[in-house]
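Asks: For what it's worth, UniProt numbering labels the leading residue of the sequence shown as 1, then goes sequentially. Ideal Cβ placement from N, Cα and C applies to all residues, glycine included.
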Amino acid sequence: RAVAGYVPILQADFEPFIEFERLVERIDKEQVNAMIEESKETQSPEPVAAAHVEPLKPECTIEDFAKIDLRIAKVVKAEAVEGADKLLRLDLDVGGLQRSVLAAIAEMYKPDELTGKIVVYLANLKPRKMRFGLSEGMILAADAGGKNVFMLSADAGAKPGQKVL
1 RAVAGYVPIL QADFEPFIEF ERLVERIDKE QVNAMIEESK ETQSPEPVAA
51 AHVEPLKPEC TIEDFAKIDL RIAKVVKAEA VEGADKLLRL DLDVGGLQRS
101 VLAAIAEMYK PDELTGKIVV YLANLKPRKM RFGLSEGMIL AADAGGKNVF
151 MLSADAGAKP GQKVL
């Protein structure tokens, strides 16, 4: 039965699509596995030198740990300490409180690298009168030995004064 507007499709209409040029050849699973094994043989891992790790200190109680007040602080100003090759003076914003810390990091950091940096600050360390001034706390850092010192910082969103848990 004929339908109005119906145009029959003939095999000749498909011939432009039947002839094609293969762009890539199919790879079977065995070929893939062979390539993986071959790459494993040529990529022998480099031996990793064991890092020197300081021995752990004796355990402390939760009550001992609770005495420590760690806070997020922002370095407002950092400057070299005149007459001291290793010290930088860091002026910190600890959530509205202003503190000044002397840190022996001048060999690792330039003052302009630290301004604006968000750091972890030991807030309740007893202030210490030093030859070059008063230090009101401590900035936390990881020490890998020698001049490899890495200041601890907080993730984006941490605000000065927030308590570190």
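1) Beta carbon of Lys159, beta carbon of Leu70: below 9 Å?
2) Count the other CB atoms within 10 Å of the CB of Asp13; is the residue buried (16 or more) or exposed (fewer)?
3) Taking the alpha-carbon positions, what's the Gly133 to Gly96 distance?
4) From the DSSP output, read off the bridge partner residues of Val75.
5) Just how far apart, CA to CA, sit Leu140 and Asn33?
6) In the DSSP output, which residue or residues are listed as bridge partners for Gly133?
7) With hydrogens ignored, establish whether the beta-carbon of Glu37 is closer than 8 Å to any heavy atom of the ligand MN.
8) In whole angstroms, what separates the C-alpha of Leu56 from that of Leu165?
9) Near Ala78, which residues of its chain fall below 6 Å by C-beta distance, leaving aside the five closest residues on each side in sequence?
10) So for Asp143, helix, strand or coil by DSSP?
Replies: For this structure:
1) Along the sequence shown, one-based indexing puts residue 159 at 159. Along the sequence shown, one-based indexing puts residue 70 at 70. No; because the gap between Cβ atoms is not below 9 Å, this pair is not in contact.
2) Taking the sequence shown and counting its residues from 1, one reaches residue 13 at position 13. Around the C-beta of Asp13, fewer than 16 other C-beta atoms lie within 10 Å, and the residue is accordingly described as exposed.
3) Locating residue 133 in the sequence shown gives position 133, counting from the first residue. Locating residue 96 in the sequence shown gives position 96, counting from the first residue. The straight-line gap from Cα to Cα measures roughly 22 Å.
4) For the purposes of this step, residue 75 is identified with residue 75 of the sequence shown, where counting begins at 1. Beta-bridge pairing links Val75 to Leu92.
5) Numbered from 1 along the sequence shown, position 140 holds the residue referred to as residue 140. Numbered from 1 along the sequence shown, position 33 holds the residue referred to as residue 33. Cα-Cα distance, rounded: 49 Å.
6) For the purposes of this step, residue 133 is taken as the residue at position 133 of the sequence shown. DSSP, once it has assigned bridges, lists Met130 as partnering Gly133.
7) The ligand content of the structure shown is nil, which means the ligand MN is not present either.
8) The count along the sequence shown starts at 1 and reaches residue 56 at position 56. The count along the sequence shown starts at 1 and reaches residue 165 at position 165. One C-alpha to the other measures close to 20 Å.
9) Walking along the sequence shown from the start, residue 78 turns up at place 78. Exclusion of the five residues before and after Ala78 leaves Leu88, Leu90, Pro111, Leu114, Thr115 as the residues of its chain whose Cβ lies within less than 6 Å of its Cβ.
10) Here the question's residue 143 lines up with position 143 in the sequence shown. The answer is strand: DSSP assigns Asp143 an E or B state.
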